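**Q** Quick note: to get this note's numbering, add 336 to the position in the sequence shown (first position is 1). From the three backbone atoms N, C-alpha and C, an ideal C-beta is built for every residue, glycine too. Bear in mind that the values here come from a model prediction, so they are computed numbers and not experimental data.
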Amino acid sequence: MYYVQCHQVVALQLTEINVPDIVDYRHPVTMSCSYDLGENQLNSVKWYKGNEEFYRFAPMLNPRFKDFPVEGVQVVTPESLCNQFLCQIWLTNLSRHSSGQYRCEVSGDAPQFALANGSKNMTVEALPQHDPIISGHMVTYSPGDSSYIQTAKIRLKFCTQQEKLDTNNNTAQTTSGLALLFNYDDDGSTWQMLMACCLSCDAWPG
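Quick look at the structure:
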């Protein structure tokens, strides 16, 4: 009679990847991925933008951390935090070239050489720094009243990479207005109206 001993090998898994969907180019960005090595030994954690590797953590090598030049990607290496459970990195000096797909790839060591990866897209925008302000309105209106409601001027300043252009030709202001006439209501009832002003930006400046 023969006895066969079975041993279950727990696979390497990428449990979570955190990459923000939309970010402001003026602020640094944190990205991280978490993983469960199971019974594997960690060989490396690699970060890619598209198909280009820009950062690597290899605990069995010296140095353990290494970054590679990729357009739009600048890693704050001293702030990186990578170990047997997660790898967290910081990116700074964002530009329109920083938008794209970011992928975290975790690999185990011999003999299995297990591999797990996950990816997410990130878009870099010039996000508004404050909410628009509505002016020219009153709290209550009587039938027959009219009103011209407008948002305060918003200053737009154009940039090249991280530097503002000082010339006045690169600065613009915009105001939006809405004229309203409140008509009579036959049944004499009162009603409420919610007014909102929304500001959006579709692309990074420059």
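1) Roughly how many angstroms lie between the CA atoms of Lys-382 and Asp-403, to the nearest whole one?
2) Give the list of continuous beta strand (DSSP E) stretches no shorter than 3 residues that lie fully inside the stretch 396-450.
3) How many Å lie between Lys-456 and Leu-373 at the Cα?
4) Could you check the C-alpha separation between Leu-430 and Ala-450 for me, to the nearest Å?
5) In the DSSP output, which residue or residues are listed as bridge partners for Glu-352?
6) Looking at the ligand SAM, does it come within less than 6 Å of Glu-415, judged from the CB to the closest heavy atom?
7) Judging by CA-CA distance, which residue of Gly-444, Leu-417, Asn-453 is the nearest neighbour of Asp-380?
8) For the putative contact between Leu-427 and Gln-410, defined by C-beta atoms under 8 Å, what is the C-beta separation to the nearest angstrom?
9) From Ala-446 to Gln-377, what does the alpha carbon distance come to, in whole angstroms?
10) Quick one: give me the first and last residue of the beta strand (DSSP E) that Asp-360 is part of.
**A** Short version:
1) Looking up residue 382 in the sequence shown gives position 46. Looking up residue 403 in the sequence shown gives position 67. Computed Cα separation, rounded: 10 Å.
2) 401-403, 422-427, 436-444
3) Here the question's residue 456 lines up with position 120 in the sequence shown. Here the question's residue 373 lines up with position 37 in the sequence shown. Roughly 21 Å separates the two Cα atoms.
4) In the sequence shown, residue 430 corresponds to position 94, counting from 1. In the sequence shown, residue 450 corresponds to position 114, counting from 1. Each residue's Cα considered, the two are about 33 Å apart.
5) The residue labelled residue 352 in the question sits at position 16 within the sequence shown. Per DSSP, Ser-370.
6) In the structure on display, the ligand SAM does not appear, and there are no ligands present to speak of.
7) Against the sequence shown, residue 380 aligns to sequence position 44. It is Ser, not Asp, that sits at residue 380 in the sequence shown. The candidate whose alpha carbon is nearest that of Ser-380 is Gly-444.
8) As a first step, residue 427 is located in the sequence shown; it is residue number 91 there, counting from the start. As a first step, residue 410 is located in the sequence shown; it is residue number 74 there, counting from the start. The Cβ separation is near 6 Å, so the contact holds.
9) The residue labelled residue 446 in the question sits at position 110 within the sequence shown. The residue labelled residue 377 in the question sits at position 41 within the sequence shown. Rounded to the nearest angstrom, the two C-alpha atoms are 8 Å apart.
10) Position 24 of the sequence shown holds residue 360. Start and end: 358-360.
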